[in-house]
Amino acid sequence: MELAARVTVGDRTAFAALYDRYAKPAYSLARRICVDPDLAEDVVQEAFLALWRNPAAYDSSRGGFGTWLMRPWCTTAPSTPSAARTPRVDEVSP
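Residue numbers for the sequence shown follow the numbering used here, beginning at 4 and rising by one.
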């Protein structure tokens with residue numbers, strides 16, 4: 004049974020293995036798109052949370068896991084890196 008299929012039955016070890024395998028490339032992609040490292044971390048966290056909440060959403064017949072993991076965010080990401088960066092509270096002048 005592939006890892007993603009094992010996650011659908013609540014296998015935490017499989018989830019951890021998927022995270023170990025895909026977190027770094029997912030972060031690299033998110034970092035290139037949104038520039039801000041904190042936002043990139045949030046994107047990856049949300050992608051993996053979406054997997055945990057609804058693992059049955061992944062359909063291996065429609066493509067690879069890594070593509071599926073990041074596609075929803077990539078298709079809605081701002082088109083320019085500068086637009087993706089949200090100022091932090093301490094960066095906003097009063």
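Note that the Cβ used here is the ideal one computed from N, Cα and C, for glycine as well.
Quick caveat: nothing in here was measured; it's all calculated off a predicted structure.
Pro58 beta carbon less than 8 Å from that of Val10: yes
Limits of the unbroken alpha helix (DSSP H) element including Glu44: 40–56
beta-carbon Ile36 near the ligand GTP non-hydrogen atom, thresh 7 Å: Questions concerning the ligand GTP fall outside what the structure shown contains, since it holds no ligand whatsoever.
Nearest neighbour of Pro28, chosen from Gln48, Ala17, Trp55 [CA to CA]: Gln48
Beta-carbon gap between Trp71 and Phe18 smaller than 8 Å: no
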